[in-house]
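FYI, UniProt numbering numbers position 29 of the sequence shown as 29, with every residue one higher than the one before it. Glycine residues also receive a C-beta, built at the ideal position from the N, C-alpha and C atoms. Keep in mind the model is a prediction, meaning the values are calculated, not measured. First up is the structure itself, then whatever we jot down about it.
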Amino acid sequence: MARSSTAPKNSSGSGRGGSSKGSAAKPAPAPKKHIGDPERPAAPVRMWHGLARATGGLFRAFGQETLDKSDRRDGFPFFLVLLAIAGAVVEWFFINNPVAENISAYTFGGVIGRTALVFPVVLVLLAGWLFRHPSSVYNNGRVGIGTALLTLSVAAICHIAVVRPEPASGRPAPAEGMPALSGSGGVFGWMIGEPLAKLLSPIGAYVVLALLIALSLLIITKTPPNRIGKRLGDLYRWMFEAEPREPRVAAGDAEADLAETKVLDEKPARVRRSRKKKTDEDVLFDGADELPWWRRNATGREEDVEVPADTVHLGQLLGLQDDPGYDQAVIADDAPAPTETAPVPLPFADDPAPRAPEPKVTAAEQVTQVLDDPALSRIREEAAAGDFGIDLMGDDELGPDDEFGEISGFGTDGPGSRGPQPPEAPYVLPSPAQLAAGPPAVVSSEANDRMVAQIEQVFVEFKVNAKVTGFSRGPTVTQYEVELGPGVKVEKITQLSNNISYAVASNDVRILAPIPGKSAIGIEIPNVDRETVALGDVLRSAAAQKSTHPLTIGVGKDVSGGFVVANLAKMPHLLVAGSTGSGKSSFVNSMITSLLMRAKPSEVRMVLVDPKRVELTAYAGVPHLITPIITNPKKAAEALQWVVKEMDMRYDDLASFGFRHIDDFNKAVVAGELQLPAGSERVLKPYPYLLVVVDELADLMMVAPRDVEDSIVRITQLARASGIHLVLATQRPSVDVVTGLIKANVPSRMAFAVTSVTDSRVILDGPGADKLIGQGDALFSPMGSSKPFRLQGAWVTEAEIDAVVKHVTGQARPEYRADVAEALEAPKKEIDEDIGDDLEVLLAATELIVSSQFGSTSMLQRKLRVGFAKAGRLMDLLESREIVGPSEGSKARDVLVAPEQLPAVLAKLKGEEPPAAPAAAAAPAPSANDADDRYGVDPIEAQFDGLPTVNGDDEDGEDAWKLTGRD
Ligand SMILES: Nc1ncnc2c1ncn2[C@@H]1O[C@H](COP(=O)(O)OP(=O)(O)OP(=O)(O)O)[C@@H](O)[C@H]1O
Numbered sequence: 001m002a003r004s005s006t007a008p009k010n011s012s013g014s015g016r017g018g019s020s021k022g023s024a025a026k027p028a029p030a031p032k033k034h035i036g037d038p039e040r041p042a043a044p045v046r047m048w049h050g051l052a053r054a055t056g057g058l059f060r061a062f063g064q065e066t067l068d069k070s071d072r073r074d075g076f077p078f079f080l081v082l083l084a085i086a087g088a089v090v091e092w093f094f095i096n097n098p099v100a101e102n103i104s105a106y107t108f109g110g111v112i113g114r115t116a117l118v119f120p121v122v123l124v125l126l127a128g129w130l131f132r133h134p135s136s137v138y139n140n141g142r143v144g145i146g147t148a149l150l151t152l153s154v155a156a157i158c159h160i161a162v163v164r165p166e167p168a169s170g171r172p173a174p175a176e177g178m179p180a181l182s183g184s185g186g187v188f189g190w191m192i193g194e195p196l197a198k199l200l201s202p203i204g205a206y207v208v209l210a211l212l213i214a215l216s217l218l219i220i221t222k223t224p225p226n227r228i229g230k231r232l233g234d235l236y237r238w239m240f241e242a243e244p245r246e247p248r249v250a251a252g253d254a255e256a257d258l259a260e261t262k263v264l265d266e267k268p269a270r271v272r273r274s275r276k277k278k279t280d281e282d283v284l285f286d287g288a289d290e291l292p293w294w295r296r297n298a299t300g301r302e303e304d305v306e307v308p309a310d311t312v313h314l315g316q317l318l319g320l321q322d323d324p325g326y327d328q329a330v331i332a333d334d335a336p337a338p339t340e341t342a343p344v345p346l347p348f349a350d351d352p353a354p355r356a357p358e359p360k361v362t363a364a365e366q367v368t369q370v371l372d373d374p375a376l377s378r379i380r381e382e383a384a385a386g387d388f389g390i391d392l393m394g395d396d397e398l399g400p401d402d403e404f405g406e407i408s409g410f411g412t413d414g415p416g417s418r419g420p421q422p423p424e425a426p427y428v429l430p431s432p433a434q435l436a437a438g439p440p441a442v443v444s445s446e447a448n449d450r451m452v453a454q455i456e457q458v459f460v461e462f463k464v465n466a467k468v469t470g471f472s473r474g475p476t477v478t479q480y481e482v483e484l485g486p487g488v489k490v491e492k493i494t495q496l497s498n499n500i501s502y503a504v505a506s507n508d509v510r511i512l513a514p515i516p517g518k519s520a521i522g523i524e525i526p527n528v529d530r531e532t533v534a535l536g537d538v539l540r541s542a543a544a545q546k547s548t549h550p551l552t553i554g555v556g557k558d559v560s561g562g563f564v565v566a567n568l569a570k571m572p573h574l575l576v577a578g579s580t581g582s583g584k585s586s587f588v589n590s591m592i593t594s595l596l597m598r599a600k601p602s603e604v605r606m607v608l609v610d611p612k613r614v615e616l617t618a619y620a621g622v623p624h625l626i627t628p629i630i631t632n633p634k635k636a637a638e639a640l641q642w643v644v645k646e647m648d649m650r651y652d653d654l655a656s657f658g659f660r661h662i663d664d665f666n667k668a669v670v671a672g673e674l675q676l677p678a679g680s681e682r683v684l685k686p687y688p689y690l691l692v693v694v695d696e697l698a699d700l701m702m703v704a705p706r707d708v709e710d711s712i713v714r715i716t717q718l719a720r721a722s723g724i725h726l727v728l729a730t731q732r733p734s735v736d737v738v739t740g741l742i743k744a745n746v747p748s749r750m751a752f753a754v755t756s757v758t759d760s761r762v763i764l765d766g767p768g769a770d771k772l773i774g775q776g777d778a779l780f781s782p783m784g785s786s787k788p789f790r791l792q793g794a795w796v797t798e799a800e801i802d803a804v805v806k807h808v809t810g811q812a813r814p815e816y817r818a819d820v821a822e823a824l825e826a827p828k829k830e831i832d833e834d835i836g837d838d839l840e841v842l843l844a845a846t847e848l849i850v851s852s853q854f855g856s857t858s859m860l861q862r863k864l865r866v867g868f869a870k871a872g873r874l875m876d877l878l879e880s881r882e883i884v885g886p887s888e889g890s891k892a893r894d895v896l897v898a899p900e901q902l903p904a905v906l907a908k909l910k911g912e913e914p915p916a917a918p919a920a921a922a923a924p925a926p927s928a929n930d931a932d933d934r935y936g937v938d939p940i941e942a943q944f945d946g947l948p949t950v951n952g953d954d955e956d957g958e959d960a961w962k963l964t965g966r967d
């Protein structure tokens, strides 16, 4: 693939407009732009937004601004501010005004009584929080519930405690009217306070309400009861700038810390140890004690500024159940796409140096060992004595440091792991700013209006009562929505396909009848002013930010301009197919780049298979690899077999520890819940996801179709639970490459342009891909989707890939798994030329004949389901290797090898060293003739003497096997 380092030529981004948002999960309902609709919202709405934004800006001016513009949700908090102002006016400024008192009695005061006096302050504080943390749904819910509980508890106290002026006496009741209730606890105060006071007496009610108030404060401040002392201490130290306590922490405290921060570490004991013994590494953690808790993030240090496309570390991820990326293959883009053309300013420095300020460090990252310069030089010296490298293609690009690849990350100290252990340092993901922004999305252009007129003209000419009601413009195509008049058949439009093509002067008109989920027909016409979708924009989109799953990738933009991101773990396996030049490799590139941008090597590891040798070389040496990029198709087939083994090993682990999914296993490892058998020296670590990318499946299927198919089928059937996912790309989507078995087991498909409708059927089980226009135009059918939806793949330039690769390789080196290398580097087999591709079936034939001691061609035909010619050829091969004797007409051939010699014979056929077998193994088995010699004339044979023999090699001939009646 010739990839340019700039955006492709034919893409242009003319005009300016906000990117429209759309649902990426399903093609419908796409936002449509009605003809004649005003482009901007109505004036009052705009005014509301403007005021809300200004007020939000005011609140955010206190402190560092960390929110991306597209993340702001100022409407609701602004409403709270307005409410607070109204409350202040009524409750404070006209405090003794009878009108204000009346208003209060039926509004704030009526609801929460005297509490209304402080309510404006509470509202402003709540609004301030929401202005600054709009997307922290979980925390916002907690703060909201805490505030409500606090307000209601105080109202209930007011209801019980407020002594009313004479002549009223006792607690007010609703029968006395709202003004009476508003003078004490309001309706809510009465509802909560009255039953409590009656049930427990006023004193009992005060105690319960005081406890509720305390509880609400704990909820608001996210303080577990066992940490109240520590939190008060923090508060005191922060307010009075007192010296921090000695970093001595009680064991219980350390455990609580661990539980709270969910740091992915091996054992709590390790934390205790590390707290007592101050090492360099601990300095990172000690600083956290000086920070008050409200400024700490989950890793115990200064709150991270929000990074759009950053991933949360594995430990956090595993605990996150409400992340959409965990449940869906495609994550809907329900927030407006950022419209800025400039890259989003990000906190991580562009500098690829690993020591960026305030990086998130977790024990998960400690699993990722990173080489800093002094460490590198030390290990270089150590490595000079040993050999860590694997001589496969792709190593050439790695440069002189490659032999020092050491990143631990697999869940076990497997057979291939561990060379020198370099010092640990935080792994910092590449800055999203490294990826350039694309041209601003165009919402509509003159060309679109022209198309609408041309389509409608066709309807007029052919007297079809239909109207174009709107269109949604994507980067490559625009979907025009057509509504039919009453009694007009859908077929009327589909029949006009060629006429519409003619009218709009485009070969690639695609008609969707109907648009899924809509009572409208879609006519997709390529844009003459096509746009490029930059991967950077996709990864910075709200949809990408919403998913923290490390296998979430930026895919592109759909036909309505909505960003599409997808979680590979949910696919769980993906077939990517398209003819040459259609944009397949560009997709694979943007997929791998997305992973490098969002996932740490401790979270995702990769096996890259690139038989074309040019597509994936840019990724040589990235620390996510567990083996150098595999370019030899034969080795790739073996690598797949290794993946099967890895999968089986993971399954064994899951079974022995009683888990059903690798995520659960990892969670338990992180929580330190797993007990190893006594005496085991194994160190349990979370298993990273393993992604296997094959860039040309056809090349693999050519060398070892059965092996490759077997491995793929086994992986695809089982690997999902073990965190192993396959991405198979091919430019030959024919049935011999994408076999029925592979298709049945790879449920997600990405079809790029193909030349024939047959190819489209192989990929998508239907037409459509043949109408695509190439260069990243694709139909995406994630698992579970009823119909594929169209999108424009994301584009990443070579320069961007290089920058990302430079960043990741600058921080860490790959730790190649020695067991993969062993699998790939198994001694070369010398298979005889005349056997060729028939080795597998020959082995099966040998096994069959030797174990049954019955040299029958018919048996081979039936048992191996081969034709007569093939069975005959196999017999010839077996005869030439002295496994069976010569043909004896209709009789079964003599078997010259005893069953106990079978392993040696099989090894010889495979071109391997025969196993150290019993000495007798080498000697051929006594032949039937020998037997005759020893035991005299066979009486059964003797009865046939003198009878004519029938040639058993005759196609229609029967041999003794058939006569046995077995099959
Ligand atoms: N997402 C995209 N956006 C814009 N242009 C693209 C996109 N994808 C591909 N192209 C254009 O199409 C050309 C061919 O793409 P690519 O090399 O990915 O195709 P391919 O299907 O992998 O072909 P081959 O199998 O021959 O390698 C690219 O050089 C680029 O100009």
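Bounding residues of the alpha helix (DSSP H) (the contiguous stretch that carries residue i)
i           : result
residue 45  : 43-60
residue 870 : 868-880
residue 469 : Where residue 469 is concerned, there is no enclosing alpha helix (DSSP H), although the beta strand (DSSP E) it sits in stretches over 466-473.
Residue i Cβ short of 7 Å to ligand 1 heavy atom set
i           : result
residue 541 : no
residue 734 : no
residue 580 : yes
residue 584 : yes
residue 532 : yes
residue 129 : no
residue 794 : yes
residue 776 : yes
residue 731 : yes
residue 752 : yes
Presumed contact (8 Å Cβ cut-off) between residue i and residue j, rounded CB distance
i           : j           : result
residue 482 : residue 467 : 7 Å
residue 469 : residue 520 : 7 Å
residue 754 : residue 767 : Rounded, the Cβ-Cβ distance is 10 Å, inconsistent with contact.
residue 636 : residue 595 : Rounded, the Cβ-Cβ distance is 20 Å, inconsistent with contact.
residue 227 : residue 162 : About 35 Å; that fails the 8 Å criterion.
For residue i, the first and last residue of its enclosing beta strand (DSSP E)
i           : result
residue 552 : 552-558
residue 524 : 521-526
CA-to-CA distance, residue j to residue i, given in whole angstroms
i           : j           : result
residue 47  : residue 446 : 29 Å
residue 885 : residue 749 : 52 Å
residue 198 : residue 170 : 12 Å
residue 205 : residue 783 : 56 Å
residue 182 : residue 787 : 59 Å
residue 957 : residue 876 : Bear in mind that the predicted position of residue 957 carries a pLDDT of just 40, short of 50, making it unreliable; the figure below should be weighed with that in mind. Near 17 Å, if we compare the C-alpha coordinates of residue 876 and residue 957.
residue 99  : residue 165 : 20 Å
residue 155 : residue 548 : 41 Å
residue 209 : residue 120 : 22 Å
residue 61  : residue 54  : 10 Å
residue 764 : residue 743 : 10 Å
beta-carbon residue i near ligand 2 non-hydrogen atom, thresh 7 Å
i           : result
residue 716 : For ligand 2, the structure offers nothing, since it holds only ligand 1.
Does the region 658-670 come within contact of the region 802-817, defined as at least 3 CB pairs closer than 8 Å?
no
Under 8 Å: do the region 527-547 and the region 558-567 share three or more Cβ pairs, one atom per stretch?
yes
Is the region 572-581 touching the region 624-641, taking contact as three or more C-beta pairs under 8 Å?
no
Do three or more CB pairs link the region 733-748 to the region 580-588 at distances below 8 Å?
no
Say whether the region 676-686 touches the region 713-721, bearing in mind that this needs 3 or more beta-carbon pairs closer than 8 Å, one atom from each stretch.
no
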